[in-house]
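**Q** Going letter by letter, the sequence shown gives residues 1 to 231 in the numbering used here.
Each residue gets a CB set at the ideal place from its N, CA and C atoms; glycine is no exception.
Bear in mind the structure is a predicted one, so any value in this text is a computation, not a measurement.
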Amino acid sequence: MKKVLKVILGIVLSIVLVLGLLYGLFIYMIEYHVETVAKESYYEYEVVMQSVGAPLFFSSADGRLLLKKNDTIINKMDFTLSDDGGSIREDVWSVSWYKDHVGVVIQGTEQDDTLYNLYYNGKTNSSVVNGQDAITTQGDMANNNADEIRKELRMVADYLHYDDIDYGISAKGWMYATVYNKDGVTRHLNYYETHEHEYVYQETKNGYTTILGFYKIENGQVIDEHTTSWH
Numbered sequence: 001m002k003k004v005l006k007v008i009l010g011i012v013l014s015i016v017l018v019l020g021l022l023y024g025l026f027i028y029m030i031e032y033h034v035e036t037v038a039k040e041s042y043y044e045y046e047v048v049m050q051s052v053g054a055p056l057f058f059s060s061a062d063g064r065l066l067l068k069k070n071d072t073i074i075n076k077m078d079f080t081l082s083d084d085g086g087s088i089r090e091d092v093w094s095v096s097w098y099k100d101h102v103g104v105v106i107q108g109t110e111q112d113d114t115l116y117n118l119y120y121n122g123k124t125n126s127s128v129v130n131g132q133d134a135i136t137t138q139g140d141m142a143n144n145n146a147d148e149i150r151k152e153l154r155m156v157a158d159y160l161h162y163d164d165i166d167y168g169i170s171a172k173g174w175m176y177a178t179v180y181n182k183d184g185v186t187r188h189l190n191y192y193e194t195h196e197h198e199y200v201y202q203e204t205k206n207g208y209t210t211i212l213g214f215y216k217i218e219n220g221q222v223i224d225e226h227t228t229s230w231h
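#1: Considering Cα atoms alone, identify which of S41, Q111, M49, E40 is closest to S59.
#2: Mind checking whether Y176 and H195 have CB atoms under 9 Å apart?
#3: Over what stretch of residues does the alpha helix (DSSP H) that includes V156 continue unbroken?
#4: Do you know whose CA, among D71, R89, T210, L65, lies nearest S126's CA?
#5: DSSP on L212, reduced to helix/strand/coil?
#6: From the DSSP output, in three-state form, read off I217 for me.
#7: Taking 9 Å as the threshold (C-beta atoms), are G63 and S82 in contact?
#8: Return helix, strand or coil for K99, following the three-state DSSP convention.
#9: In chain order, what residues of the same chain lie with their CB nearer than 6 Å to the CB of I237, ignoring the 5 residues before and after it?
#10: Counting only the same chain and skipping the five closest in sequence on each side, list residues whose C-beta sits under 6 Å from that of N75.
#11: Apart from the five residues just before and just after S94, which ones in its own chain have a Cβ nearer than 8 Å to its Cβ?
#12: Mind checking I169: buried by the 16 CB within 10 Å criterion, or exposed?
#13: Considering only residues of the same chain and omitting the five flanking positions on each side of K99, which have a CB-CB separation below 7 Å?
#14: For G213, which option in N206, E198, R154, Q221 has the closest C-alpha, if you only look at C-alpha atoms?
Structure (structure tokens):
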């Protein structure tokens with residue numbers, strides 16, 4: 001009889017142990033598990049988006065942004081995604097690189113688009129991106145002479161012998177132009193915000209962005225500055 005009780009007790013304890021392990025694993029996956037879901041590089045810098053835990057049913061999802069320099073973390077920000085129970089994934093972010101920081105816009109169906117700025121000096125800030133400003137030339141873009149920038153982007157594209165270009169608005173509200181997008185290679189012209197009438201020609205391939213050149217507009221003419229370095 002005692003042997004039977006020991007066997008039964010052993011079985012019960014085993015079941016309790018297994019259930020406890022499964023519960024612990026469930027809590028870990030829901031609350032603490034960290035997974036890298038997307039990353040983008042720019043010279044020695046890299047921005048990484050991670051999921052932290054997992055959304056339960058239709059709850060929000062927690063995420064984290066890491067800014068690295070030469071594989072060393074120099075900045076980070078936490079964020080929450082409200083996307084009808086959707087998880088943190090690559091298609092909810094868009095990245096724009098600047099001279100002193102990287103801007104990441106997080107988009108969810110149940111929230112306003114939110115811009116997270118991670119600066120190379122460790123500073124951070126975030127703000128809501130108004131939907132109208134993101135798709136038109138209203139608001140900040142009006143102050144940034146959108147029509148003139150569009151015209152000058154067209155001039156530089158013509159100088160580089162590109163016929164078909166697509167315009168867009170960066171995370172910070174500046175207009176840019178995509179001049180080439182084939183076979184996993186994208187080339188774009190970005191307004192150099194700290195230098196008036198100057199544009200950065202960049203190429204992105206396999207997640208890495210390189211500068212191909214700088215061009216400025218002087219007296220209605222495109223001038224090749226013959227440099228690939230920030231200045």
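**A** Judging by the given coordinates:
#1: As a position in the sequence shown, residue 59 is number 59, starting the count at 1. The residue with the shortest Cα to Cα distance from S59 is Q111.
#2: Position 176 of the sequence shown holds residue 176. Position 195 of the sequence shown holds residue 195. No; because the gap between Cβ atoms is not below 9 Å, this pair is not in contact.
#3: The sequence position of residue 156 within the sequence shown is 156, counting from 1. 146-159 is the span of the alpha helix (DSSP H), which, as asked, contains V156.
#4: Along the sequence shown, read from residue 1 onward, the residue named residue 126 stands at position 126. With distances taken between Cα atoms, S126 lies closest to L65.
#5: As a position in the sequence shown, residue 212 is number 212, starting the count at 1. Three-state result, L212: strand.
#6: The sequence position of residue 217 within the sequence shown is 217, counting from 1. Here I217 sits in strand by DSSP.
#7: For the purposes of this step, residue 82 is taken as residue 82 along the sequence shown, with counting starting at 1. For the purposes of this step, residue 63 is taken as residue 63 along the sequence shown, with counting starting at 1. In this structure, G63 does not lie closer than 9 Å to S82 by Cβ.
#8: For the purposes of this step, residue 99 is identified with residue 99 of the sequence shown, where counting begins at 1. K99 carries a coil assignment under DSSP once its states are collapsed to helix, strand and coil.
#9: Here the chain has residues from 1 to 231 only, and residue 237 is not among them.
#10: Here residue 75 is taken as the residue at index 75 of the sequence shown, counted from 1. If we look at N75 and ignore the five residues flanking it on each side, its Cβ neighbours are L67, L118, G122.
#11: Against the sequence shown, residue 94 aligns to sequence position 94. The residues are V104, V105, Q107, A171.
#12: Here residue 169 corresponds to residue number 169 of the sequence shown, with the count starting at 1. Per the 10 Å Cβ criterion, buried.
#13: To locate residue 99, count along the sequence shown from 1; it is residue 99. Here the set comprises T194, W230.
#14: Position 213 of the sequence shown, counted from the first residue, corresponds to residue 213. Comparing Cα positions, the closest option is E198.
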